[in-house]
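Trainee:
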Amino acid sequence: MQIDEERVHGTGTRIRRVGEDARSYLTRMAGPMRAATQGNDGLSAVHTLRQVLERLYTNTEATAAASVTNGDNVMTAAYSHRVTDIAQARAFAAFDPAGVGCDDGSR
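What follows is the structure in structure tokens.
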């Protein structure tokens, strides 16, 4: 089976980037959000908003970690696929050194 290793590797990179971008955005927005809600500690809506933001931050961290892991796994799978294809081609060549098994007779 043939795959476009470069394309699969690029997909893995984009998967990684999703979580990293979410983490980066939330980190950038955390300061202004905290500053905007300071001094309003008595308001239950502000307290609830802070709780929601903390849950969002926790979930975003988990998503970021998972996207890095999944992206790495996709890239590793592409590399492993290529290595396996090379090993199989070598094994076949060793089994059929004259190229007799080739459809077009090349070798």
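Using numbering that gives the first Met the number 0, the first residue of the sequence shown is number 0, and each one after it goes up by one. From the three backbone atoms N, C-alpha and C, an ideal C-beta is built for every residue, glycine too.
1. Within the continuous alpha helix (DSSP H) that includes G30, where are the two ends?
2. Assess, as a yes-or-no matter, whether the stretch 8-17 is touched by the stretch 71-83 under the definition of 3 or more beta carbon pairs within less than 8 Å.
3. Is the beta carbon of T36 sitting closer than 8 Å to the one on V45?
4. Return the Cβ separation of A34 and A63 in integer angstroms, given the expectation that the two are a contact with Cβ distance under 8 Å.
5. Do R15 and D71 come within 8 Å of each other at the CB atom, strictly closer than that value?
6. Since L25 and L48 should fall inside the 8 Å C-beta cutoff, what is the C-beta to C-beta distance between them, to a whole number of angstroms?
7. Quick one: using the 10 Å Cβ neighbour count with 16 as the cut-off for buried, is G30 buried or exposed?
8. Can the beta-carbon of G18 be found closer than 8 Å to that of V67?
9. Can you grab the Cα-Cα spacing for the pair F94 / N69, in whole Å?
10. Just confirm the distance between the C-beta atoms of E4 and R89, as a whole number of angstroms; I'd bet it's less than 8 Å.
Mentor: In terms of the structure at hand:
1. The count along the sequence shown starts at 1 and reaches residue 30 at position 31. Where G30 is concerned, the enclosing alpha helix (DSSP H) stretches over E4 to T36.
2. Contact between the stretch 71-83 and the stretch 8-17 is present, because at least three Cβ pairs lie under 8 Å.
3. Start at 1 with the first residue of the sequence shown, and residue 36 comes out as number 37. Start at 1 with the first residue of the sequence shown, and residue 45 comes out as number 46. In this structure, V45 lies closer than 8 Å to T36 by Cβ.
4. Residue mapping note: residue 34 aligns to position 35 of the sequence shown, counting from 1. Residue mapping note: residue 63 aligns to position 64 of the sequence shown, counting from 1. Contact doesn't hold; Cβ gap of about 24 Å is too wide.
5. Position 72 of the sequence shown, counted from the start, is the residue given in the question as residue 71. Position 16 of the sequence shown, counted from the start, is the residue given in the question as residue 15. Inclusion of D71 and R15 in the CB contact set at 8 Å is warranted, their separation being smaller than that value.
6. Translated into the one-based positions of the sequence shown, residue 25 becomes position 26. Translated into the one-based positions of the sequence shown, residue 48 becomes position 49. The beta carbons of L25 and L48 sit about 14 Å from each other, so the pair does not count as a contact at 8 Å.
7. Along the sequence shown, one-based indexing puts residue 30 at 31. With fewer than 16 other Cβ atoms within 10 Å, it is exposed.
8. What you label residue 18 is simply residue 19 of the sequence shown in a count that begins at 1. What you label residue 67 is simply residue 68 of the sequence shown in a count that begins at 1. Using a Cβ distance threshold of 8 Å, G18 and V67 count as a contacting pair.
9. As a working mapping, residue 94 is identified with position 95 in the sequence shown. As a working mapping, residue 69 is identified with position 70 in the sequence shown. Rounded to whole angstroms, the gap between the alpha carbons of F94 and N69 is 37 Å.
10. Taking the first residue of the sequence shown as 1, we reach residue 4 at position 5. Taking the first residue of the sequence shown as 1, we reach residue 89 at position 90. The Cβ separation is near 18 Å, so there is no contact.
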